[in-house]
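According to this note's numbering, the sequence shown holds residues 1308 to 1516 in order.
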Amino acid sequence: MRIILVGPPGAGKGTQAARLVERLGIPHISTGDMLRAAVKAGTELGKKADGYMKAGDLVPDAVVIGMAVERIGEPDAQKGFMLDGFPRTRPQAEALDAALSAAGVQLDAVVLIEVDDSLIVERITGRRTDPETKRIYHMTFDPPPAEVAGRLVQRKDDTEEACRARLKKYHGETAPIIPFYEDKGLLRRVDGVGSPDAVTARLTAALGG
Ligand code: AP5
Ligand code: MG
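Structure (structure tokens):
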């Protein structure tokens, strides 16, 4: 299956993708994770992306499109993929369309995880990630076990200020891709509020069980 997960920061894209890809046997492709890895490794791409990410701005399309299209061309993505955080602008959606058409393949679904803005800041500022397992936790909603608590890290863009900037970018630049996919008959809306298990069940149903 070729699936795109869309939703505001903190909607649960990363949390849900990690659960779903295991069952579907497809790679989880998160442009945010790829960019953070590039920043950490100090590559040219990472140096370009770092400032935008810290401020909660989008990394320019010219940087992200090449990186994402190259990734979906890799062997493990030929059987399908779950994209998380890409596309997130209209030009990115159009570039993905062109790349998939050129490869003679089609998307199966675009799933929008809906969470009201009022819940986002608390989700984002409470997030911690395990650098070893990449497991995402939340200090209140999904607390880590004591044995991993000491090694958890917080993302640089998980401050309240950067979170508000990211939400603004989401509504201004990413939300316009929703009608693009709705017109193609690919969009499925899923309520992202409730326990992570409840959201997984809704996503599974939206993807046809
Ligand atoms: P990216 O990494 O994609 O971040 P984002 O879209 O802002 O989304 P998040 O990762 O913050 O949230 P999520 O939906 O994955 O939520 P999670 O599951 O972690 O992008 C980061 C930056 O990279 C961008 O700002 C931009 O600069 C750049 N970038 C990336 N892609 C780009 C692109 N295509 N173009 C341009 N720039 C790009 O959950 C969040 C928290 O909530 C966790 O603590 C979790 O435990 C908790 N939680 C999850 N589910 C629930 C639930 N059901 N109830 C309660 N809490 C929950
Ligand atoms: Mg994420």
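Even for Gly, the Cβ is constructed at its ideal location relative to N, Cα and C.
The structure displayed is predicted, hence computed values, not measured ones.
- Between the alpha carbons of residue 1325 and residue 1335 lies a gap of roughly 7 Å.
- Sequence-distant partners of residue 1445 (beyond 5 residues in either direction) whose C-beta falls short of 7 Å from its own C-beta, in its chain, are 1430, 1433, 1434.
- A residue is listed when its beta-carbon falls short of 7 Å from at least one non-hydrogen atom of the ligand MG; in chain order these are 1320, 1321, 1337, 1339, 1391, 1392.
- In the DSSP assignment, residue 1487 falls within the alpha helix (DSSP H) that extends over 1484-1490.
- Here residue 1409 is exposed. Its C-beta has fewer than 16 other C-beta atoms within 10 Å.
- In this structure, the beta-carbon distance from residue 1399 to residue 1418 does not fall below 8 Å.
- If you compare the alpha carbons of 1461, 1447, 1357 with that of residue 1441, the shortest gap goes to 1461.
- The region 1372-1382 and the region 1333-1349 touch, with no fewer than 3 CB-CB distances between them shorter than 8 Å.
- For residue 1404 and residue 1457, the gap between their C-alpha atoms comes out near 43 Å.
- For residue 1326, the Cβ stays outside the 7 Å cut-off from all heavy atoms of the ligand AP5.
- Within the same chain, 1315, 1316, 1317, 1470, 1474 come within 7 Å of residue 1427 by CB-CB distance, once the 5 residues on both sides are set aside.
- Taken through DSSP and simplified to helix, strand or coil, residue 1381 comes out as coil.
- Residue 1369 and residue 1503 have their C-alpha atoms spaced approximately 34 Å apart.
- Rounded to whole angstroms, the gap between the alpha carbons of residue 1510 and residue 1449 is 19 Å.
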